[in-house]
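Trainee: Would you mind keeping the following structure in view while I ask a few things?
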Amino acid sequence: MSLSASIRQGGLALMQRIESLFDAFFGAAANPWRHLGALGFYFLWIALATGIYLFIVLDTGIEEIHTSIEYYTHEQWWLGGIVRSLHRYAADGLVLVMLLHILREFLYGRFYGFRWYSWITGVPTVWLVYASGIGGYWLVWDQLGLFSAVASAEWFDWLPIFSTPATRNFLPGLLTDRFFSLLVFLHIGIPLSLLLALWVHIQRVSQSDVFPARALSIGTLAMLIVLALVKPTVSHGKADLSMASATLHIDWYYLFIHPLMYATSPAGLWAIAGLLTLLLLALPLLPHPKQAPVAVVNPPNCNGCRRCFVDCPYGAVAMLPHPDKPGHELARVIPDLCASCGICAGACPSSTPFRSVESLVTGIDMPQQPIGALREEMERKIAALSGPVKIAVFGCECAAQASRLENADTAVLNLMCTGLLPPSFVEYALRGGADGVLVTGCREGSCAYRFGTQWTEERLAGRREPHLRPTVPSERLRLAWADGHEMSHLKAALDDFRKHLQTLSADEKRPRAYTPRRIAQHG
Amino acid sequence: MVSKSPTNPLVLAGQALFYGLFAVIIGYFSTSPDFTHIEPGRSLIKLSFSTQGEPVGECRERTPEELAKLAPNMRTARICPRERSPIKVNIALNGEPLFEGVAQPSGLSKDGASTIYKRFEVPAGEHLISVKMNDNVRIPDFNHVREEKMTLKPAQILVIDLRKDRGGIFFE
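If you want it as structure tokens, here you go:
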């Protein structure tokens, strides 16, 4: 393993431990680490909403702009002051979660293959976030705003794009009210461009997570309000073009680029920013493991039910008019979008193992792990089990290694993603000889394919199609979500389940045995 | 394993701790640590101008023969070279050289404005500032000169500009 891969693996292990810790207090659905993108959107919504109010009360004259901000900061602190602080801290929070989001996706290796689009389109949003935020500081037109404006102008003047240096705009006597009208226009226009860029960024993920869970939303907003009351945002002194502020209380989330430029040079800052941007853009192009084969539709077994279309986390399944059956639809896989997760195969009603056909072929399948082969593997492994309690475990390649649990009384079927599991396989396993079924996979929010865990949970609970039949006793089914580093947790869950099954008598809450299909066919 | 019930005191305490930490991180780096832009007791001199140098050659009147060769709508009597002179700058502070440079005219034909922007941190206090510029290649010496004793307050910005409409070298 290369040094960079080792560092990434170490960082990922640390990240997963932090996520597990937060799971204990927030639950996966409201764990901020698992929803950094949604949290970023949430901060943006707050910044946009508060920005509307600030725009209404802002007076954009060169003399009046600072005065109007001072008025609602101090005289109207109970509304304007709080709104201003919320605007500022939400913008800061956006940068913080955006950087963590980039780091997390990098550590999880989510920047190549079918994810290249989301990664690449995310890069310009970083620039737009900074352009939006830095412009906001200029609008305050205090000493900090002046400093930022001059520093930014000095930075851009390095590029041969202005016939007259932009810095000359900030010499005494040359600044007019029109400059602030332009700033307001930019401070509205750039965030709107950011919204557009974010819309592009999430185009290839279905059911995008643009609002965090209610508990996380309320907690975050309450946190921002408390922060706004405890440490209200205030301005520096009014901008004075003839004086420089010696000491500035700068916002390091946005304005760190200015000290960095003065510590290096405008060219140096362009080099740093350009190289970082190029590095981010180049990451998907570096050599990576080849993507697994994509899903394949088998038209004779596809009834056009749309479940794969609905469940695909990446919108890789399209429904087209059936060529031979008027009024019917047929699923079609868009290869460029397919993540090769198999969640579609788990959603297909034709994936039921109870079909009496000798060779089980489903409507949409994964060439590397066909449903028919999975049924055969399950039959074979369950038939080979011995011991007082026989358990079938459905594991996930991305989560804790379930295959390490395999022994004489435990059959393990490792899936590409837990979402590939058709719920009827659970019933089939129980009726085929297993005393219990343990389903494991990534914790909610860390599923490599977004919805594998959630869809599986909902299917097994009967809240999503295809559902597990209610006649299957819940006492003989257990879910145990465990990420890659939580092997001990998975082992403990299996031991606990085994003990639980031992307390049940052989026939208690057990579905009636299913006559094996070969016997039914050939017997 | 902690019970995730929202009424579990441990869960509430954990969440409060996280939100508090989140707030501290956002709030602290939003204004801290301070950044010292200019060291105490220092002032800033900015050299900035954007102006055209003089033409590199003399203007002259066209001869009647030259005018006759031109299309009627192009027959302007006076012709000047398009190219502009670069602007040479020399600044000295208390007799010591502070900056010496040349601002080239912009444009492919070198007929645009010469621009420059430089910033110099200097100690606050009284200084003899001597600025010389030449914006005409036909004149061998500096044709714009200004020397002045000035007292710069800490953090004060002094702008040195070249505004020909206001008498040449301009301090503000």
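Line by line, the protein sequences give chains A and B. Just so you know, we're using the working numbering here: the first sequence kicks off at 97 and counts up by one. Just so you know, we're using the working numbering here: the second sequence kicks off at 17 and counts up by one. Cβ coordinates follow ideal geometry from the N, Cα and C atoms, glycine included.
Is the separation between the beta-carbon of CYS408 of chain A and that of CYS444 of chain A shorter than 8 Å?
Mentor: Taking the first sequence and counting its residues from 1, one reaches residue 408 of chain A at position 312. Taking the first sequence and counting its residues from 1, one reaches residue 444 of chain A at position 348. Taking 8 Å as the Cβ cut-off, CYS408 of chain A and CYS444 of chain A do not qualify as a contacting pair.
Trainee: Mapping DSSP to helix, strand and coil, what is GLU55 of chain B?
Mentor: Position 39 of the second sequence, counting from 1, holds the residue named residue 55 of chain B. The answer is coil: DSSP assigns GLU55 of chain B none of H, G, I, E or B.
Trainee: Mind reading off the beta-carbon distance from PRO121 of chain B to PRO102 of chain B? Whole number of angstroms is fine, and I expect it under 8 Å.
Mentor: Position 105 of the second sequence, counted from the first residue, corresponds to residue 121 of chain B. Position 86 of the second sequence, counted from the first residue, corresponds to residue 102 of chain B. Contact flag correct, Cβ pair sits at about 6 Å.
Trainee: So what's VAL413 of chain A in DSSP terms, helix, strand or just coil?
Mentor: Within the first sequence, residue 413 of chain A is the residue found at index 317, counting from 1. Residue state, collapsed to three classes: strand.
Trainee: For ILE284 of chain A, which three-state DSSP category applies?
Mentor: Along the first sequence, one-based indexing puts residue 284 of chain A at 188. Of the three classes helix, strand and coil, the one that applies to ILE284 of chain A here is helix, per DSSP.
Trainee: According to a CB-to-CB cut-off of less than 9 Å, which residues of the stretch 137-170 of chain B neighbour chain A?
Mentor: Listed in sequence order: LYS169 and PRO170.
Trainee: Quick check: is the beta carbon of ALA129 of chain B nearer than 8 Å to any beta carbon in chain A?
Mentor: As a position in the second sequence, residue 129 of chain B is number 113, starting the count at 1. Interface residue, yes.
Trainee: Within 10 angstroms of its Cβ, does ASP151 of chain B collect 16 or more other Cβ (buried), or is it exposed?
Mentor: By 1-based counting over the second sequence, the position of residue 151 of chain B is 135. Buried is the call here.
Trainee: As an exercise, report each continuous beta strand (DSSP E) stretch of at least 3 residues that is fully enclosed by the stretch 94-161 of chain B, in chain order.
Mentor: Those beta strand (DSSP E) runs which fall completely within the stretch 94-161 of chain B and span 3+ residues are 103-109, 112-119, 130-139 and 141-150.
Trainee: Using a Cβ-Cβ cut-off of 8 Å, state whether ARG180 of chain A counts as contacting chain B.
Mentor: Against the first sequence, residue 180 of chain A aligns to sequence position 84. Taking Cβ atoms only, chain B never reaches closer than 8 Å to ARG180 of chain A, which makes this a no.
Trainee: Between the C-alpha atoms of GLY483 of chain A and PRO463 of chain A, what's the straight-line distance to the nearest angstrom?
Mentor: Within the first sequence, residue 483 of chain A is the residue found at index 387, counting from 1. Within the first sequence, residue 463 of chain A is the residue found at index 367, counting from 1. If you take the alpha carbons of GLY483 of chain A and PRO463 of chain A, they lie about 34 Å apart.
Trainee: Using a Cβ distance threshold of 8 Å, determine whether the stretch 167-186 of chain A contacts the stretch 133-153 of chain A, with at least three qualifying pairs required.
Mentor: Counting Cβ pairs under 8 Å, three or more are found: they touch.
Trainee: Within its chain, find whatever has a CB closer than 8 Å to the CB of LEU377 of chain A; leave out the 5 residues flanking it on each side and keep chain order.
Mentor: Taking the first sequence and counting its residues from 1, the one referred to as residue 377 of chain A is at position 281. Cβ within range, chain order: ILE216 and VAL219.
Trainee: Chain B beta carbons: is any one of them nearer than 8 Å to that of THR263 of chain A?
Mentor: The sequence position of residue 263 of chain A within the first sequence is 167, counting from 1. Yes, because at least one Cβ of chain B sits closer than 8 Å to the Cβ of THR263 of chain A.
Trainee: Would you say THR47 of chain B reaches chain A, if we count a Cβ-Cβ gap shorter than 8 Å as a contact?
Mentor: Counted from its first residue, the second sequence places residue 47 of chain B at position 31. Interface residue, yes.
Trainee: Sorted by chain position, which residues of the same chain lie with C-beta nearer than 7 Å to GLU502 of chain A's C-beta, five sequence neighbours on each side aside?
Mentor: For the purposes of this step, residue 502 of chain A is taken as the residue at position 406 of the first sequence. The answer, listed in chain order, is VAL508.
Trainee: List the endpoints of the continuous beta strand (DSSP E) containing TRP577 of chain A.
Mentor: Here the question's residue 577 of chain A lines up with position 481 in the first sequence. Taken as a continuous stretch (DSSP letters only), the beta strand (DSSP E) holding TRP577 of chain A covers 573-577.
Trainee: Could you work out which residues of chain B lie near ASP238 of chain A, taking near to mean beta carbons separated by less than 9 Å?
Mentor: Mapped onto the first sequence, residue 238 of chain A falls at position 142. None at all; the shortest Cβ gap to chain B is about 13 Å.
Trainee: When the Cα atoms are used, what is the spatial distance from ILE132 of chain B to LYS148 of chain B?
Mentor: Position 116 of the second sequence holds residue 132 of chain B. Position 132 of the second sequence holds residue 148 of chain B. C-alpha separation (whole angstroms): 14 Å.
Trainee: Let's test the definition: count the other Cβ atoms within 10 Å of the Cβ of LEU33 of chain B and tell me whether it reaches 16, buried, or not, exposed.
Mentor: As a working note, residue 33 of chain B is residue 17 in the second sequence. With fewer than 16 Cβ atoms within 10 Å of its Cβ, LEU33 of chain B is classed as exposed.
Trainee: If we ignore side chains and look at the alpha-carbon of each, how far apart do LYS327 of chain A and GLY43 of chain B end up?
Mentor: Walking along the first sequence from the start, residue 327 of chain A turns up at place 231. Walking along the second sequence from the start, residue 43 of chain B turns up at place 27. If I take the Cα positions, the gap works out to 7 Å.
Trainee: Just the C-alpha distance for LEU109 of chain B and LEU144 of chain B, rounded to the nearest angstrom, thanks.
Mentor: The residue given as residue 109 of chain B occupies position 93 in the second sequence. The residue given as residue 144 of chain B occupies position 128 in the second sequence. LEU109 of chain B and LEU144 of chain B: Cα-Cα distance of roughly 6 Å.
Trainee: So that I know if they touch, is there some Cβ in chain A lying closer than 8 Å to that of SER64 of chain B?
Mentor: As a working mapping, residue 64 of chain B is identified with position 48 in the second sequence. Yes - at least one Cβ of chain A is within 8 Å of the one on SER64 of chain B.
Trainee: What did DSSP end up calling THR373 of chain A once you bin it into helix, strand or coil?
Mentor: Sequence index remark: in the first sequence, residue 373 of chain A carries index 277 (1-based). DSSP places THR373 of chain A in helix when its eight states are reduced to three.
Trainee: At least one CB of chain A closer than 8 Å to the CB of SER122 of chain B: is that the case?
Mentor: Residue mapping note: residue 122 of chain B aligns to position 106 of the second sequence, counting from 1. For SER122 of chain B, the answer is yes, since a Cβ of chain A falls inside 8 Å of its Cβ.
Trainee: Would HIS162 of chain A be called buried (16 or more neighbouring beta carbons within 10 Å of its own) or exposed?
Mentor: Working through the first sequence from its first residue, we reach residue 162 of chain A at position 66. That one is buried.
Trainee: Taking a contact to mean a Cβ-Cβ separation below 8 Å, would you say SER447 of chain A touches THR329 of chain A in this structure?
Mentor: Here residue 447 of chain A refers to the residue found at position 351 when the first sequence is read from its first residue. Here residue 329 of chain A refers to the residue found at position 233 when the first sequence is read from its first residue. Not in contact: SER447 of chain A and THR329 of chain A (Cβ atoms no closer than 8 Å).
Trainee: Please check if any C-beta of chain A sits within less than 8 Å of the C-beta of ASP181 of chain B.
Mentor: Within the second sequence, numbered from 1, the residue matching residue 181 of chain B stands at position 165. Closer than 8 Å: no.
Trainee: Our contact map puts ARG300 of chain A next to SER214 of chain A with C-beta atoms below 8 Å; I'd like the distance itself, whole angstroms only.
Mentor: The residue you call residue 300 of chain A lines up with position 204 of the first sequence. The residue you call residue 214 of chain A lines up with position 118 of the first sequence. That belief holds up - the Cβ atoms of ARG300 of chain A and SER214 of chain A are roughly 6 Å apart, short of 8 Å.
Trainee: Return helix, strand or coil for LYS62 of chain B, following the three-state DSSP convention.
Mentor: Translated into the one-based positions of the second sequence, residue 62 of chain B becomes position 46. DSSP places LYS62 of chain B in strand when its eight states are reduced to three.
Trainee: Using a Cβ-Cβ cut-off of 6 Å (strictly less than) and excluding sequence neighbours within five positions of GLN617 of chain A, which residues of its own chain qualify?
Mentor: For the purposes of this step, residue 617 of chain A is taken as the residue at position 521 of the first sequence. Residue placement at GLN617 of chain A is poorly supported in this model, since its pLDDT is 43, which falls under 50; the coordinates are not used for a value here.
Trainee: Of all the CB atoms in chain B, is at least one closer than 8 Å to the CB of ALA378 of chain A?
Mentor: As a working mapping, residue 378 of chain A is identified with position 282 in the first sequence. ALA378 of chain A does not count as touching chain B.
Trainee: So is PHE118 of chain A buried or exposed if we call it buried at 16+ other beta carbons inside 10 Å?
Mentor: What you label residue 118 of chain A is simply residue 22 of the first sequence in a count that begins at 1. The residue is buried, with at least 16 neighbouring Cβ atoms inside 10 Å.
Trainee: Looking only at its own chain, which residues have a Cβ that is under 8 Å from the Cβ of MET165 of chain B, when we skip the five neighbours before and after it?
Mentor: Taking the first residue of the second sequence as position 1, residue 165 of chain B is located at position 149. The sequence given here has Lys at residue 165 of chain B, not Met. So the list reads GLU142, HIS143, LEU144 and ILE145, once near-sequence residues are dropped.
Trainee: Exposed or buried, PHE122 of chain A, counting other C-beta atoms within 10 Å across all chains shown (16 or more means buried)?
Mentor: For the purposes of this step, residue 122 of chain A is taken as residue 26 along the first sequence, with counting starting at 1. Flag for PHE122 of chain A reads buried.
Trainee: Run down chain A in chain order and give the residues with a C-beta less than 9 Å from the C-beta of VAL175 of chain B.
Mentor: Within the second sequence, numbered from 1, the residue matching residue 175 of chain B stands at position 159. Here the neighbours are LEU267, PRO268, LEU337 and SER338.
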